[in-house]
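Undergrad: Attaching a single structure in structure tokens format; questions to follow.
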Amino acid sequence: MSERIAVRTCPLCEAGCGLEITLTSNDDGTERVKRIRGDRDDVFSGGYICPKGSTLGHLHDDPDRLRRPVAKRDGEFVEVSWDEAFATIEAGLLPILEEHGRDACAIYLGNPGAHSLGPMLYNRTLISALGSRNRFSASTVDQRPKELSAGLMFGSVAVPVPDLDRTDFLLMLGANPHASNGSLCTAPDFPGRLDRLQERGGTLVVVDPRRSETAERADQHLAIRPGGDAHLLAAIANVLVADGLADVGRLAEHTNGLDDVTEALASYTPERVERATGLDADAIRTLAHDLAAAPAAAVYGRIGTCTQEFGTLTSWLVDIVNLLSGNLDRIGGAMFAKGAVGQPSTKGAPGTGRGLRIGRVTSRAGGRPESLGEFPVTALPEEIETPGDGQVRALITVAGNPVSSNPNSERLDAALASLEFMVAIDPYVNETTRHADVILPPPSALEKSHYDIALLNFAVRNVANYSPAVLDTPDDQPEEWEILVRLAGLLGGAGANADVDAIDDQVAAAILGSAVRDEHSSVHGRDLTELQEQLDGRRGPERLLDIMLRTGPYGDGFGTDPEGLSLAVLEANPHGVDLGALEPERIPGVLRTPSGKIEAFPEPMRVDLARLEASLDREVDGLVLVGRRHVRSNNSWMHNVRVLTKGRNRCTLQVHPDDADRLGLVEGSPATVRSRVGEVSIDVEITDAIRPGVVSIPHGFGQNLPGVRLRVAQEYRGVNTNVLTDEHFVDEVSGNIALNGVPVSVSPS
Ligand code: SF4
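FYI, in our numbering the residues of the sequence shown are 188 to 936.
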């Protein structure tokens, strides 16, 4: 038996920690993971790892993970060959498309695909080949408001991130990085970075209805009423202006509409938002003054600010406060990362962008607005249920478990059961994929190469890091991108045995050709064939990644800058390449609005302020539900890993002692929680860490439905909180589901 060590980036969450993986090799050459720990030489994470990162070997070895395709035969899944799986899809799906048109098949892209190179680079090929308007993704579950607010203000999804390592004051809303390690803010060891902020004399203020693990360690915790973040931020903006603390500085000449914003917020005094926020007016006023007095400060709002009824307004106001306080685009403030693969804000030039338009079309059955080429996930069940032209009769899911993650999950579950055909690209038979006719399993995470195409664009430091696959795939296992491309070929009319390499060649030529035509690109006007010859015979994601790196902001420009980045450079630097701290004064360079300026008061925000205004007078009695997360959990992905799920039950209903007394709830005893759409029975956990009037259930549990093959997860006493969330309770601008602030009643079971 021999050992070797491999390093790679953890693909499980946005932090992207470097891992050091010790593998043992048996006499027959098969390798197993012996140990995983943090890679101390990783240029970004420096050895940090959370409990989930050490379990990639468990995920790889999980006996419930599918190794071969399965297809339904007489209602039961049976293993089939890859050829038989694709032939089954051809026979089952194509006749539906031919008879009812392309819109008859929807596609749903799940969150794990955002952490996987194949889907990040080839989902677009699949979507294009399908040609359906019914496109959905997990982004309208948890982040679409932030994407839209950034797009409306800056012209592309360039989300400013807090300069964690240099700020003096961090105001954090709706985020608990001690459990999640951050989101839309890539920062390995986020908790350690917060510790260092406090060690250097900085201040951390956490706004959350729960005294979360992060709030516990903060200098100040404000237990806000769920849904009150927009009101709070509007009042902070109001104080900054009214008390003469606003100072936009050099950005004034690059901003449109700021006077209109301050005028619109003129009535949002701290006193006026006391009821909506549940916070004392003096505390709000002091917070605004503390923020303004800090040498450098940043406001960071994350999942709790997106998954609520004023998600886009809240996300917009985060950056309005950053702008008004003079902290946008400066060291220690809210800054723009510069990803090495290029992003819309690093292509083209200011004033050349089209900006972001939303609601160009609406969904057929529910009239829900499109954004970024998708309808909100709340539209999916009604599109399946509602008869007529364009009814969704078939579904393709890629790395998604919407029955677990989408609102009113029992309705969606029933809708999926009514489909005429469903294909899932997924490693498990879970709550969603049990409805599939065919499941195509990708390789395990350790069998895939990795580069975080999307999330390094939201990092607190500019970094590039590529990892080759750690383990070989079995001989007959296609790579994930090959599965996607073969399915795209089938949908595009090339049959069940489409030529994957020919399609891949077309994809690569299109990306390279686009760079050649872009007058702002480093390869503008170059000969396409000459560039293709420099790609070292690569194929698949590695070829696309090489093109993107070489034409990106640090790239070698295919020889123009010999010191620049290419995939070969990253392969020679397995611990990553550090590209430096975030750069200040990237505005106006990053702006892609048609005006070339920050649009401080986009029309959708102007309109939606009326909804916020109306909410000020609402009654606020009654219980509301919020979510939560634990460091050993990651949505629904990790609950089949025993080392992560063992120990006391974490899927509990957190209730404040005053509410427990009033309702007759007993610690450890079951309670029934009811909402407009459903009810669950769940064990009670009484804690003063939650605000009175608020109860909390974590998400991603309740995996014990018939037909699910997740034996460890099914032993767990969890419930699916999305049985309670309501597809009609949404952020109206983005259509994003409001998972927090759901009205509920609670009684002893
Ligand atoms: S925080 Fe944990 S799950 Fe996330 S990348 Fe790091 S090790 Fe992986």
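We put the CB at the ideal spot given by N, CA and C, even for glycine.
#1: Exposed or buried, what is Ser241 when buried is set at 16 or more other beta-carbons lying within 10 Å of its beta-carbon?
#2: With DSSP run on the structure shown, which of helix, strand or coil describes Ile869?
#3: Relative to the ligand SF4, is the shortest distance from any of its heavy atoms to the C-beta of Leu199 smaller than 7 Å?
#4: Are the CB atoms of Ala278 and Pro256 within a distance shorter than 8 Å?
#5: Assign Ile192 to one of two classes, buried (16 or more other C-beta atoms within 10 Å of its C-beta) or exposed (fewer than that).
#6: Report yes if the C-beta distance between Leu284 and Ala291 is below 8 Å; otherwise report no.
#7: Counting Cβ pairs, one atom from each stretch, are 3 or more of them under 8 Å apart for the stretch 192-208 and the stretch 224-233?
#8: How is the alpha helix (DSSP H) around Cys292 delimited, first residue to last?
#9: When you compare each of Asp918, Gln330, Ser212, Leu474 to Pro791 by their alpha carbons, which one comes out closest?
#10: If contacts are defined as beta-carbon pairs under 8 Å, then Ser936 and Thr859 qualify, I think. What distance do you get, rounded to the angstrom?
#11: Considering only the alpha carbon of each residue, which of Ala468, Thr449, Ala451, Thr464 lies closest to Glu458?
#12: Within 8 Å of any Cβ in chain B, is that where the Cβ of Ile690 sits?
#13: Check for me: the alpha helix (DSSP H) holding Thr780 runs from which residue to which?
#14: Buried or exposed: Gly498, going by 16 or more other Cβ atoms within 10 Å of its Cβ?
#15: Sorted by chain position, which residues of the same chain lie with C-beta nearer than 6 Å to Gln841's C-beta, five sequence neighbours on each side aside?
#16: When every heavy atom of the ligand SF4 is checked, does at least one fall within less than 7 Å of the C-beta of Asn368?
#17: List in chain order: all unbroken beta strand (DSSP E) runs of 3+ residues lying wholly within the stretch 594-635.
#18: Does the beta-carbon distance from Thr832 to Val899 come in below 8 Å?
#19: Nearest CA to the CA of Val416: which residue from Ala463, Ile924, Asp376?
#20: Considering Cα atoms alone, identify which of Pro347, Leu718, Gly318, His245 is closest to Val777.
#21: If you follow the beta strand (DSSP E) that Asp765 is part of, which residue opens it and which one closes it?
#22: Does the beta-carbon distance from Phe264 to Val616 come in below 8 Å?
#23: So, do the stretch 331-343 and the stretch 528-546 have three or more beta carbon pairs nearer to each other than 8 Å?
#24: Hey, is Ile236 close to the ligand SF4, as in C-beta under 7 Å from one of its heavy atoms?
#25: Quick check: what's the CA-CA separation for Val687 versus His637?
#26: Determine the DSSP secondary structure at Ser654, reduced to helix, strand or coil.
#27: Using a 10 Å radius around the Cβ and a threshold of 16 neighbouring Cβ atoms, would you call Ala366 buried or exposed?
#28: Between the Cα of Pro665 and the Cα atoms of Pro628, Thr716, Asp406, which residue gives the shortest distance?
#29: Could I get the ranges of all uninterrupted beta strand (DSSP E) runs contained in the stretch 453-501, with 3 residues as the minimum, in chain order?
#30: Bridge partners of Lys259, per DSSP?
#31: Quick check: does the Cβ of Cys204 come within less than 7 Å of any heavy atom belonging to the ligand SF4?
#32: Near His247, which residues of its chain fall below 8 Å by C-beta distance, leaving aside the five closest residues on each side in sequence?
#33: Tell me, please, whether the stretch 585-603 touches the stretch 910-925 by the rule of three or more beta-carbon pairs shorter than 8 Å.
#34: Can you check the stretch 824-891 for any alpha helix (DSSP H) of at least 4 residues that lies completely inside it and give the ranges in chain order?
#35: Distance, Cα to Cα, Gly577 vs Val830?
#36: With a threshold of 8 Å, are at least 3 pairs of Cβ atoms found where one atom belongs to the stretch 480-498 and the other to the stretch 698-713?
TA: With the structure as the only source:
#1: Using a 10 angstroms sphere on the CB of Ser241, the tally of other CB atoms reaches 16 or more, which defines it as buried.
#2: Looking at Ile869 - three-state DSSP - the assignment turns out to be strand.
#3: yes
#4: no
#5: exposed
#6: yes
#7: yes
#8: First-last for Cys292: 292-296, but that is the beta strand (DSSP E), not the alpha helix (DSSP H).
#9: Asp918
#10: 5 Å
#11: Ala468
#12: Among the chains in the structure shown there is no chain B, since it carries only a single protein chain.
#13: From DSSP, Thr780 is part of no alpha helix (DSSP H); its letter is neither H nor E.
#14: buried
#15: Glu872, Thr874, Ile877, Ser883
#16: yes
#17: As summarised for the stretch 594-635, the continuous beta strand (DSSP E) elements at least 3 residues long and confined to that stretch are 608-612, 625-627, given in chain order.
#18: yes
#19: One detail in the question is off: residue 416 reads as Asp in this sequence, not Val. Asp416 has its Cα closest to that of Ala463, out of Ala463, Ile924, Asp376.
#20: Of the listed residues, the one whose Cα sits closest to Val777 is Pro347.
#21: 764-768
#22: Cβ distance < 8 Å, so Phe264 and Val616 count as in contact.
#23: yes
#24: yes
#25: 20 Å
#26: Secondary structure at Ser654: strand, using DSSP grouped into helix, strand and coil.
#27: buried
#28: Pro628
#29: 484-488
#30: Phe264
#31: yes
#32: Val220, Ser631, Ala632, Leu633, Glu634, Leu658
#33: yes
#34: 829-832, 844-850
#35: 46 Å
#36: no
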